Ligand SMILES: C[S@@+](CC[C@H](N)C(=O)[O-])C[C@H]1O[C@@H](n2cnc3c(N)ncnc32)[C@H](O)[C@@H]1O
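In the working numbering, the protein residues as written are 750 to 990.
Structure below.
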C-alpha cells in the first residue's frame, strides 16, 4: 500500500494517522551550499548542480532551501514535532543532512522530543575537489527514536551498519537534483519490521517510496513541488510491480 500527497508537509501530515509509522526516512532541503549567507541564498541548481560535478542541472530548482541556520532549526523542529505524533512508540526518525547543518539537525531532532541515537555516515565516493582541504565526500543520517528503543541482543536480532560506501546516483540516471540512491535507502530501511510503514514528508523524486516498494513496506509520501510529485508518482507506480 502507498499513498502520496502533493503539498506542504506541515499541512499534508494531517492525512497521516497518528501513531502509525515505524520509520520516517527523509531528506529535507538542507538550506546549505557555500560558506557564506549570500551563497546559501542562491537557487539549488547553482548550489548543488555544477554541471562538471554531477550534471544534474537539467532538473528544476526546489524551494525551502534558503533559510539561515536559526530558521532552518525552527522549521525542522516544527516538522519533526508533527512527525513525532505520527511515529509509533519506539519508532525511528532518520533525516539526511550535510556537514554544514549537521549541528542544527541534531538540535532540531532533540527539540522535537526524539531521543537522538546517532549519525549514520554515507560515503558518496565523490565530491567537488577542495585543494588543501579535506574533501566533503560524505553526507549523514541523523537518527533517533520516539521514546526508548530497547531491544535485547538475542540470536536473529537485526544489527545495521553505521557507515555505507555507496556511489551517488549517476547523472544519466537521475530524476532529481539531490536524489539519494535507492540501494542506500534500502539499507537504511532494514530496521523497519516486516510489512511495516514508512513516511517521507520531503520525498522529491520518490526514492524512499521506490525502496519501500522493493522491500514490501507500506509508504506515505509528501512532496511540495507538482513537477517532482508527478515524477515520484510515476517511479513508485512502476516500482510496485
Ligand atoms: C532534498 S529533496 C529530496 C530528494 C529525494 N530524497 C530524492 O531522492 O529524490 C527535498 C524535497 O523537498 C521538497 N520540499 C521543500 N519544502 C517542502 C515542504 N514544505 N513540504 C513538502 N516538500 C517540500 C522539495 O521540493 C524537494 O523536492
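Every residue, glycine too, gets a C-beta built ideally from N, C-alpha and C.
Small disclaimer: the values here were computed from a predicted structure and weren't measured.
Item: Residue 957: CB within 8 Å of a non-hydrogen atom of ligand 1; Value: yes
Item: Check: residue 916 C-beta below 8 Å from any heavy atom of ligand 1; Value: no
Item: Proximity winner among 910, 978, 778, 987, relative to residue 850 (alpha-carbon distances); Value: 778
Item: Any non-hydrogen atom of ligand 1 within 8 Å of residue 928 CB; Value: yes
Item: Exposure label - residue 990; buried when at least 16 CB within 10 Å; Value: exposed
Item: Rounded separation between residue 885 and residue 956 - CA only; Value: 23 Å
Item: Own chain, CB closer than 7 Å to residue 876, minus 5 neighbours either side, in chain order; Value: 884, 885, 886
Item: Residue 926 (DSSP reduced to helix, strand or coil); Value: coil
Item: Cβ-heavy atom distance, residue 863 to ligand 1, below 8 Å; Value: no
Item: Run of the alpha helix (DSSP H) containing residue 977, from where it starts to where it stops; Value: 975–989
Item: Buried or exposed (CB count within 10 angstroms, at least 16 for buried), residue 858; Value: buried
Item: Residue 912 (DSSP reduced to helix, strand or coil); Value: strand
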